[in-house]
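Colleague: Below you will find the structure I want to go over with you.
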Amino acid sequence: MTSAATTRWPALFTPHRLGPLTLPNRLVMAPMTRSRTAWPGDVPTELNARYYAQRAGAGLIVTEATQISREGQGYARTPGIHTAAQRDGWRLVTEAVHAAGGRIFLQLWHVGRVSHPVLQEGGRAPVAPSAVRARGVRVYVIDPADGTPCFLDCETPRALEEGEIPRVVDDYRRAAARAMEAGFDGVELHGANGYLIDQFLRSTTNRRTDRYGGSPENRIRFLREVVGAVAGETGAGRVGVRLSPHVTLQDMADPEMVETSLLAAAALHDAGVAYLHLAEADWDDAPEVPEDYRRALRDRFPGTIIVAGRYTPERGTAMLAAGHADLVTFGRPFLANPDLPRRIAEGLPLNPPDPATFFGGGAAGYIDYPAYGETAPVTA
Ligand SMILES: Cc1cc2nc3c(=O)[nH]c(=O)nc-3n(C[C@H](O)[C@H](O)[C@H](O)COP(=O)(O)O)c2cc1C
């Protein structure tokens, strides 16, 4: 294992305490949807176990987004954690990662309005805080009638009744319980990138007039309730939350979101969560996060902050030195380099990622990126 003494980036290779875990380094593998679970059933397989185990050198792996319920699904071939078969499939993954010496959190996902009736029970409309359509947003589905994959525009969702919200919160709780049964070290709530929790947080997608809308305090209520319910299953020290206040993809522009995220950060600190994961860029679109926001976030959330979005070892080290972050996420570099920690530590060249194989397919572009010095494809 690389130690702080032997690397070019010592700050990235110092251990870090995260709740009950000790991470051997500060490198986090980003949650990345890869759309390679078994269909129908959305069940993780040995192929997925191999992919994650190859990347067990990360201080922490956060899995691809995983739907907590059928209602929470927005894309075909993404994994779930709402059936016994899915839980057992995930167990293959956690066992393989632990056997390889790693630590792994499951990212819990409800897409809210970013779905389509084709994916929903009985062809019903997807649910959301309010009946506000995601304009210009498309989802990838497989038509259950004939198995053809296609992209479809999101339709207008149905606003959740106030009385239904406890049921959705309970879906998160049950998913977290199943995640722990599957052997995960913890869970991350996907509160970023325009999905259900984010839809509750933003004034443009949350037009509710009940306890869950209207003011920033009310808009963070859903997140607080989900954190409380999930922490009841896992312990707060095994719950992380991902937010993306500066990302406006999925028709999510909201002039109040940055302030709301700071209120949420303070509430999450009070709840004692393990970390706050700041997704600064979903891909390459996002603006630079202002320095004063980073300081305000640190002020509201003195615990572990993870930063994500186009990081390099240089930028990550600078964030740690400035006190703006404790851990640094790598997405595409981890996707393409199973041995990324070693490559960073030793200054070795990186494999480039191939966007053509990011979503869907099989082993190619998934488990065949070579470790440094390997020549034969690992699929052979
Ligand atoms: C193929 C792919 C799939 C992604 N899927 C997810 C996801 O499931 N959940 C999530 O929160 N972010 C997702 N993201 C965003 C990444 O977690 C990360 O924030 C982004 O890639 C920026 O980091 P990078 O520049 O190091 O790649 C995805 C990104 C990529 C490239």
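Position in the sequence shown (from 1) plus 4 gives the number in our numbering.
Don't be surprised by glycine CBs; every beta carbon is placed ideally from N, CA and C.
Given the structure is predicted, the values throughout are model-derived calculations rather than measurements.
#1: Return helix, strand or coil for A384, following the three-state DSSP convention.
#2: From E212 to R171, what does the alpha carbon distance come to, in whole angstroms?
#3: Can you give me the C-alpha to C-alpha distance between T321 and R298, rounded to a whole angstrom?
#4: For ligand 1, is there any heavy atom lying closer than 7 Å to the beta carbon of Y315?
#5: For the stretch 9-27 against the stretch 240-250, do three or more pairs of beta-carbon atoms, one drawn from each stretch, fall closer than 8 Å, so that the two count as touching?
#6: To the nearest angstrom, report how far apart P249 and V311 are at their CA atoms.
#7: Could you spell out the range, first to last residue, of the beta strand (DSSP E) harbouring E192?
#8: Is it buried or exposed for C3, if we count other Cβ within 10 angstroms and need 16 for buried?
#9: Let's see if you can read the secondary structure: which residues bound the beta strand (DSSP E) around G244?
#10: For the beta strand (DSSP E) that I309 lies in, which residues bound it at each end?
#11: Between which two residues does the beta strand (DSSP E) carrying A69 extend?
#12: Roughly how many whole angstroms lie between the Cα atoms of V32 and L331?
#13: Can you list, in chain order, the residues of its chain whose CB lies under 8 Å from that of A129, leaving out five sequence neighbours each side?
#14: With DSSP as the reference, label M33 as helix, strand or coil.
#15: Quick one: does the C-beta of G335 sit closer than 7 Å to a heavy atom of ligand 1?
#16: Could you give the residue range of the beta strand (DSSP E) that holds F334?
#17: In chain order, what residues of the same chain lie with their CB nearer than 8 Å to the CB of L354, ignoring the 5 residues before and after it?
#18: On the criterion of 16 or more Cβ atoms from any shown chain inside 10 Å, does W13 qualify as buried, or is it exposed?
#19: Please report the straight-line C-alpha distance between G126 and E68, rounded to a whole angstrom.
#20: Would you check if the distance between the CB atom of L282 and the CB atom of L247 is smaller than 8 Å?
#21: Among A325, G335, T379, which residue has its Cα nearest to the Cα of T37?
#22: Taking a contact to mean a Cβ-Cβ separation below 8 Å, would you say W94 touches L110 in this structure?
#23: Does ligand 1 have even one heavy atom less than 7 Å from the beta-carbon of A278?
#24: Helix, strand or coil for Q58? Go by DSSP, reduced to three states.
#25: Taking A375 as the reference, which of L123, L352, A367 has the closest Cα?
#26: Using a 10 Å radius around the Cβ and a threshold of 16 neighbouring Cβ atoms, would you call A384 buried or exposed?
#27: May I ask whether a heavy atom of ligand 1 can be found less than 7 Å away from the beta carbon of E68?
#28: For L64, tell me which candidate among A183, R40, V191, R81 has the shortest Cα-Cα distance.
#29: Measure the Cβ-Cβ separation of G198 and L272 and say whether it is below 8 Å.
#30: Any idea if D420 is buried or exposed, counting beta-carbon neighbours within 10 angstroms, 16 or more meaning buried?
#31: Would you identify the three-state DSSP class for D296, choosing helix, strand or coil?
#32: If you measure between the beta carbons of I371 and L96, is that distance less than 8 Å?
#33: Does at least one heavy atom of ligand 1 sit under 7 Å from the Cβ of R246?
#34: Can you name, in chain order, every residue of its own chain whose Cβ lies under 6 Å from the Cβ of G369, other than the five neighbours on each side?
#35: Does the distance from the CB of S134 to the CB of N210 come in under 8 Å?
Modeller: According to the structure data:
#1: Here residue 384 refers to the residue found at position 380 of the sequence shown. With a pLDDT of only 41 at A384, under 50, the local geometry of the prediction cannot be trusted, and no value is derived from it.
#2: Position 208 of the sequence shown holds residue 212. Position 167 of the sequence shown holds residue 171. According to the sequence displayed, residue 212 carries Arg and not Glu. R212 and R171: Cα-Cα distance of roughly 18 Å.
#3: Taking the first residue of the sequence shown as 1, we reach residue 321 at position 317. Taking the first residue of the sequence shown as 1, we reach residue 298 at position 294. Using only the alpha carbons, I get a separation of about 15 Å.
#4: Within the sequence shown, numbered from 1, the residue matching residue 315 stands at position 311. Between ligand 1 and Y315, a heavy atom-to-CB distance of less than 7 Å is present.
#5: At 8 Å Cβ cutoff, the stretches touch.
#6: Numbered from 1 along the sequence shown, position 245 holds the residue referred to as residue 249. Numbered from 1 along the sequence shown, position 307 holds the residue referred to as residue 311. The straight-line gap from Cα to Cα measures roughly 12 Å.
#7: Position 188 of the sequence shown holds residue 192. Where E192 is concerned, the enclosing beta strand (DSSP E) stretches over 190-195.
#8: As displayed, the chain neither begins before 5 nor continues past 384, which places residue 3 out of reach and without an answer.
#9: As a working mapping, residue 244 is identified with position 240 in the sequence shown. In the DSSP assignment, G244 falls within the beta strand (DSSP E) that extends over 243-247.
#10: Taking the sequence shown and counting its residues from 1, the one referred to as residue 309 is at position 305. From DSSP, the beta strand (DSSP E) with I309 extends over 308-312.
#11: Taking the first residue of the sequence shown as 1, we reach residue 69 at position 65. Start and end: 64-71.
#12: Translated into positions along the sequence shown, residue 32 becomes position 28. Translated into positions along the sequence shown, residue 331 becomes position 327. One C-alpha to the other measures close to 7 Å.
#13: Mapped onto the sequence shown, residue 129 falls at position 125. Same-chain partners within the cutoff: P121, E159, T160, P161, R162.
#14: Position 29 of the sequence shown, counted from the start, is the residue given in the question as residue 33. Strand.
#15: One-based indexing of the sequence shown puts residue 335 at position 331. Yes, ligand 1 has a heavy atom inside 7 Å of this Cβ.
#16: Sequence index remark: in the sequence shown, residue 334 carries index 330 (1-based). From DSSP, the beta strand (DSSP E) with F334 extends over 331-334.
#17: One-based indexing of the sequence shown puts residue 354 at position 350. Around L354, the same chain offers P337, A340, N341, L344, R347 as residues with beta carbons nearer than 8 Å, after the five sequence neighbours per side are excluded.
#18: Counting from 1 along the sequence shown, the entry for residue 13 is found at position 9. A residue is called buried when at least 16 other Cβ atoms come within 10 angstroms of its Cβ; W13 meets this threshold and is buried.
#19: As a working mapping, residue 126 is identified with position 122 in the sequence shown. As a working mapping, residue 68 is identified with position 64 in the sequence shown. Between the alpha carbons of G126 and E68 lies a distance of about 26 Å.
#20: Here residue 282 corresponds to residue number 278 of the sequence shown, with the count starting at 1. Here residue 247 corresponds to residue number 243 of the sequence shown, with the count starting at 1. Yes; because the gap between Cβ atoms is below 8 Å, this pair is in contact.
#21: Position 33 of the sequence shown, counted from the first residue, corresponds to residue 37. Minimum Cα distance to T37 is reached at G335.
#22: If you number the sequence shown from 1, residue 94 lands on position 90. If you number the sequence shown from 1, residue 110 lands on position 106. Cβ atoms of W94 and L110: closer than 8 Å.
#23: Reading the sequence shown from its first residue, position 274 is the one you call residue 278. Taking non-hydrogen atoms of ligand 1 into account, the C-beta of A278 is found less than 7 Å away from none of them.
#24: Walking along the sequence shown from the start, residue 58 turns up at place 54. Note: Q58 maps to helix in three-state DSSP.
#25: Counting from one through the sequence shown, the residue named residue 375 turns up at place 371. Taking A375 as reference, the option from L123, L352, A367 with the minimal CA-CA separation is L352.
#26: To locate residue 384, count along the sequence shown from 1; it is residue 380. Residue confidence for A384 is low, a pLDDT of 41 falling below 50, so the modelled location carries little weight; the figure read from the coordinates is stated next. With fewer than 16 Cβ atoms within 10 Å of its Cβ, A384 is classed as exposed.
#27: Counting from one through the sequence shown, the residue named residue 68 turns up at place 64. Yes - ligand 1 has a heavy atom lying nearer than 7 Å to the Cβ of E68.
#28: In the sequence shown, counting from the first residue as 1, residue 64 sits at position 60. Nearest Cα to L64 within the set A183, R40, V191, R81: V191.
#29: Counted from its first residue, the sequence shown places residue 198 at position 194. Counted from its first residue, the sequence shown places residue 272 at position 268. In this structure, G198 lies away from L272, with their beta-carbon atoms at least 8 Å apart.
#30: As displayed, the chain neither begins before 5 nor continues past 384, which places residue 420 out of reach and without an answer.
#31: By 1-based counting over the sequence shown, the position of residue 296 is 292. If DSSP states are grouped into helix, strand and coil, D296 belongs with the helices.
#32: On the sequence shown, position 367 is the one that residue 371 refers to. On the sequence shown, position 92 is the one that residue 96 refers to. No, the Cβ-Cβ distance between I371 and L96 is not below 8 Å.
#33: As a position in the sequence shown, residue 246 is number 242, starting the count at 1. Result yes, Cβ under 7 Å from ligand 1.
#34: Counting from one through the sequence shown, the residue named residue 369 turns up at place 365. Answer for G369: D358, T361, listed in chain order.
#35: On the sequence shown, residue 134 is found 130 positions in, with the first residue counted as 1. On the sequence shown, residue 210 is found 206 positions in, with the first residue counted as 1. Closer than 8 Å, so yes.
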